[in-house]
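Worksheet: the structure to be examined is printed underneath.
Number of protein chains: 2
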Amino acid sequence: MRSSRPPTMNDVAAAAGVGLKTVSRYVNGATNINQELSERIGAAIEALGYRHNLAAASIRPGRSSKVIGLIISDLANPYYSVLARSVERVCTEHGYLLMSASSEEDADRHRLLVDRLVAQRVDGLVVVPPRQATTAWATSTIVHVPMVLVDRPTGPLESVDVHTVLADNAGGATRATAAMLAAGARRVAFLGDSLELYTMRERLAGYHRALTEADLGGATGTGPIEPIVSDGAHSVEDAAAVVAGFLASGEVDAVFAANNRAAIGAMEAFATAGRRLPLVGFDDFEAAPLVTPAVSVVAQDVALMGRVAAETLLALIADEAGPPMTHTLDVRLELRGSER
Amino acid sequence: MRSSRPPTMNDVAAAAGVGLKTVSRYVNGATNINQELSERIGAAIEALGYRHNLAAASIRPGRSSKVIGLIISDLANPYYSVLARSVERVCTEHGYLLMSASSEEDADRHRLLVDRLVAQRVDGLVVVPPRQATTAWATSTIVHVPMVLVDRPTGPLESVDVHTVLADNAGGATRATAAMLAAGARRVAFLGDSLELYTMRERLAGYHRALTEADLGGATGTGPIEPIVSDGAHSVEDAAAVVAGFLASGEVDAVFAANNRAAIGAMEAFATAGRRLPLVGFDDFEAAPLVTPAVSVVAQDVALMGRVAAETLLALIADEAGPPMTHTLDVRLELRGSER
DNA sequence: CTGAAAGCGCTTACAG
DNA sequence: CTGAAAGCGCTTACAG
Chain A
1 MRSSRPPTMN DVAAAAGVGL KTVSRYVNGA TNINQELSER IGAAIEALGY RHNLAAASIR
61 PGRSSKVIGL IISDLANPYY SVLARSVERV CTEHGYLLMS ASSEEDADRH RLLVDRLVAQ
121 RVDGLVVVPP RQATTAWATS TIVHVPMVLV DRPTGPLESV DVHTVLADNA GGATRATAAM
181 LAAGARRVAF LGDSLELYTM RERLAGYHRA LTEADLGGAT GTGPIEPIVS DGAHSVEDAA
241 AVVAGFLASG EVDAVFAANN RAAIGAMEAF ATAGRRLPLV GFDDFEAAPL VTPAVSVVAQ
301 DVALMGRVAA ETLLALIADE AGPPMTHTLD VRLELRGSER
Chain B
1 MRSSRPPTMN DVAAAAGVGL KTVSRYVNGA TNINQELSER IGAAIEALGY RHNLAAASIR
61 PGRSSKVIGL IISDLANPYY SVLARSVERV CTEHGYLLMS ASSEEDADRH RLLVDRLVAQ
121 RVDGLVVVPP RQATTAWATS TIVHVPMVLV DRPTGPLESV DVHTVLADNA GGATRATAAM
181 LAAGARRVAF LGDSLELYTM RERLAGYHRA LTEADLGGAT GTGPIEPIVS DGAHSVEDAA
241 AVVAGFLASG EVDAVFAANN RAAIGAMEAF ATAGRRLPLV GFDDFEAAPL VTPAVSVVAQ
301 DVALMGRVAA ETLLALIADE AGPPMTHTLD VRLELRGSER
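As you go down the protein sequences, you meet chains A and B in turn. Going by the UniProt record's numbering, the first sequence opens with residue 1, and the numbers climb by one from there. Going by the UniProt record's numbering, the second sequence opens with residue 1, and the numbers climb by one from there.
In structure tokens form, the structure reads like this:
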């Protein structure tokens with residue numbers, strides 16, 4: 001009847017008049033227990049309000065915490081919340097719980113989170129590396145915790161030997177740009193965020209490739225297509241300002257918006273100016289199909305990305321994953337009208 | 001040099017040639033340690049790759065896990081991901097980690113999650129009760145884990161003595177409806193999801209109240225305003241179908257869309273029909289300000305809700321919270337044009 | 001300021 | 001099928 005401290009397995013054993021071991025077996029769902037003892041134990045647990053202490057159980061060697069950790073930039077960002085949900089789903093299917101934490105793209109905070117999660121003895125980690133990451137954070141702190149990277153690699157791809165799940169950023173950008181060229185555009189501008197971001201560098205490379213291929217295809221009678229590149233779309237407002245400049249200059253006849261904010265900013269600039277240019281965005285967003293004309297986008301299967309990452313991690317934990325590799329997922333070009 | 005099992009505090013003590021206790025003090029940041037011993041310990045930790053085991057530390061009585069649990073419907077839903085992010089932020093500020101889990105509105109799954117989280121010995125729980133919850137889940141399983149409810153109460157408000165954080169659903173609905181009445185609408189329809197949901201019942205009550213007050217205000221010369229109520233907006237498609245019916249009937253001259261999906265469905269129906277009705281939604285959404293006319297909404301401060309819930313929980317854990325009460329947060333009516 | 005002992009709640013071989 | 005003992009990694013009084 002002690003009310004201050006939660007009841008322990010010992011309390012249950014005493015109350016039921018059985019050995020500690022038997023209670024342990026009962027709680028862990030052992031199959032062969034004397035019917036009568038079993039009932040006494042059940043009654044004692046009920047009466048005392050006993051709850052199994054997994055934290056205590058997990059410190060024994062060989063026993064794991066059955067918790068995995070997830071580090072993303074910002075849980076409130078729809079992209080990452082869908083990713084987190086997908087990872088959570090796989091965890092649930094395998095009896096794991098998820099601890100998720102937002103790094104805010106800050107390398108120091110990221111390192112702190114890794115340390116804390118490792119101290120908490122998670123069984124593994126799914127990680128979106130922070131923007132400014134060098135390979136140091138991984139090599140210095142991770143050591144022996146199974147880990148999978150998602151959305152971006154850490155530093156130069158080959159520098160860390162770890163499973164990595166990425167979208168085909170370059171391929172998507174190539175197809176988006178090519179769609180506008182095919183519709184007749186000649187001066188397609190690239191509008192992206194900081195090229196510090198791996199995904200931006202990849203999308204820019206894809207854009208360049210589309211221009212080059214159009215040249216090689218002989219679609220141009222008047223010399224090579226000149227790239228027009230802006231990396232100033234850090235926010236919707238910034239993006240709108242850049243696009244307003246495009247419109248005023250008369251030098252641009254289509255826009256490849258390399259992320260959500262760029263696409264929304266472009267839409268705002270079009271609305272303000274009262275005229276629009278062909279537009280394709282990267283990453284789908286809620287408003288895209290609702291506006292007129294509906295916005296074409298390159299859509300990633302974020303949920304699949306989360307699933308592949310989580311399943312790879314679980315395989316790693318079970319020691320059944322193959323050698324470290326990069327898993328590149330296809331993207332989908334959703335043509336809805338705005339590309340022309 | 002054992003590589004199979006992670007190094008323990010004992011290993012560090014042995015390597016550094018000091019007592020276990022001293023290593024413990026070092027790891028826990030104790031202030032007074034002999035300079036030389038301190039350095040030896042630091043070197044040993046580095047050399048062995050030792051990492052503090054918080055799980056083991058937390059099983060001592062009085063020591064807590066510094067983890068809190070969050071149960072929501074679906075982490076991928078923007079409403080709940082913003083809530084989760086806000087709770088996470090408060091946790092971080094206070095040195096806590098967050099375990100979040102999605103109940104999918106399923107009462108059984110919800111109970112499982114509570115059990116698992118309690119077994120994991122979280123220090124407290126922020127919970128969105130599942131839709132079909134009776135008070136049973138709370139009274140039977142929670143017992144002595146600090147808990148705060150958010151977004152909705154469990155069953156009849158007075159039945160469980162627990163801190164609860166809610167938005168002013170009824171007040172927001174009244175103001176939304178009144179705005180359309182003030183703009184001249186007479187036959188405002190309520191379009192919501194299942195009335196099983198607490199928030200829907202509250203919003204419906206607020207809607208009714210606005211009609212009643214308009215009657216009492218004498219704004220009507222032709223007898224009382226008749227309510228028109230649909231609870232069929234379970235999905236965007238369903239909502240669109242209902243609104244198409246409204247348009248065809250000619251009996252409705254404005255729509256109060258009691259959630260996001262209802263509002264988006266209404267927009268789709270308007271687009272299909274080529275004509276629109278005055279519209280106000282509940283809960284802001286990304287596309288709302290981007291379409292023409294921009295959609296007016298009742299906006300909840302979801303981040304504030306998460307913050308208040310988390311801070312209340314932390315106060316509860318510190319035994320500094322007052323008696324259980326309901327915290328009702330104001331909502332904001334964003335008039336953007338679609339209300340007329 | 002530091003160490004040896006006892007104990008947190010639980011599980012794992014080891015005997016019965 | 002069941003129990004008493006030892007031990008998981010750590011911290012807390014207790015002595016020095």
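For each residue, glycine too, the CB sits at the ideal point set by N, CA and C.
Roughly how many angstroms lie between the CA atoms of residue 202 of chain A and residue 302 of chain A, to the nearest whole one?
17 Å
Less than 8 Å between CB atoms is the rule here; does residue 102 of chain B satisfy it with respect to chain A?
yes
Residue 212 of chain A versus A:188, A:85, A:258 and A:111, residue with shortest Cα-Cα distance:
A:188
Name the residue from B:238, B:274 and B:124 whose alpha carbon lies nearest to the alpha carbon of residue 263 of chain B.
B:238
What in chain A is Cβ-close to residue 6 of chain B, meaning under 8 Å?
144
What beta strand (DSSP E) runs, 3 residues minimum, are completely inside the stretch 24 to 91 of chain B?
67 to 72
Quick check: residue 298 of chain B and residue 175 of chain B, are their CB atoms within less than 8 Å of each other?
yes
Taking contact to mean at least 3 C-beta pairs separated by less than 8 Å, is the stretch 239 to 249 of chain A in contact with the stretch 263 to 274 of chain A?
yes
Inter-residue Cα distance where the pair is residue 282 of chain B and residue 36 of chain A:
57 Å
Do you know how far the Cα of residue 153 of chain B is from the Cα of residue 322 of chain A?
48 Å
State the DSSP-derived secondary structure class of residue 98 of chain B, mapped to helix, strand or coil.
strand
Within 8 Å, strictly: CB atoms of residue 101 of chain A and residue 88 of chain B
yes
Best match in A:72, A:15 and A:54 for proximity to residue 47 of chain A [C-alpha to C-alpha]:
A:15
Please classify residue 325 of chain A as buried or exposed, where buried requires at least 16 other C-beta atoms within 10 Å of its C-beta.
exposed
Classify residue 31 of chain B as buried or exposed, calling it buried when 16 or more other Cβ atoms lie within 10 Å of its own Cβ.
exposed
Under 8 Å between the Cβ atoms of residue 256 of chain A and residue 207 of chain A?
yes
Could you tell me whether the Cβ of residue 74 of chain A comes closer than 8 Å to any Cβ of chain B?
yes
Please decide whether residue 78 of chain A counts as near chain B, where near means a Cβ-Cβ distance under 8 Å.
yes
In three-state DSSP terms, what is residue 212 of chain B?
helix
Please state whether DSSP places residue 113 of chain B in a helix, a strand or coil.
helix
Ignore the nearest five residues each way along the sequence and tell me which others in residue 224 of chain A's own chain have a CB closer than 6 Å to its CB.
215
Residues of the stretch 276 to 309 of chain A with a CB closer than 7 Å to any CB of chain B: list them in chain order, please.
285, 286, 287, 290 and 291
Span of the beta strand (DSSP E), counted from its first residue to its last, around residue 252 of chain A:
Looking at the DSSP string, residue 252 of chain A is not in any beta strand (DSSP E), and its letter there is neither H nor E.
Give the interface partners of residue 58 of chain A over in chain B, defined as CB-CB distance under 7 Å, in chain order.
55
Rounding to the nearest angstrom, what Cα-Cα distance links residue 393 of chain A and residue 168 of chain A in this structure?
As shown, chain A starts at 1 and ends at 340. That puts residue 393 of chain A outside it, with no answer to give.
Closer than 8 Å by C-beta to residue 19 of chain B: which residues in its own chain qualify, once you throw out the five before and the five after it? Chain order, please.
13
Determine the burial state of residue 272 of chain B: buried for a count of at least 16 other Cβ atoms within 10 Å of its Cβ, exposed for fewer.
exposed
Does the Cβ-Cβ distance between residue 99 of chain A and residue 122 of chain A come in under 8 Å?
yes
If the cut is a Cβ gap below 7 Å, which residues of chain A does residue 9 of chain B touch?
Within 7 Å Cβ-Cβ: nothing; residue 9 of chain B doesn't reach chain A, min ~12 Å.
Segments assigned beta strand (DSSP E), at least 3 residues, entirely inside the stretch 250 to 316 of chain A:
254 to 257, 279 to 282 and 296 to 300
Residue 305 of chain A beta carbon less than 8 Å from that of residue 333 of chain A:
no
Distance cutoff 8 Å, beta carbons only. Does residue 1 of chain B sit that close to anything in chain A?
Confidence is the limiting factor: at residue 1 of chain B the pLDDT is only 35, short of 50, which leaves the residue's position unreliable and the question unanswerable from this model.
Cβ closer than 8 Å: which chain A residues qualify as neighbours of residue 98 of chain B?
99, 100 and 101
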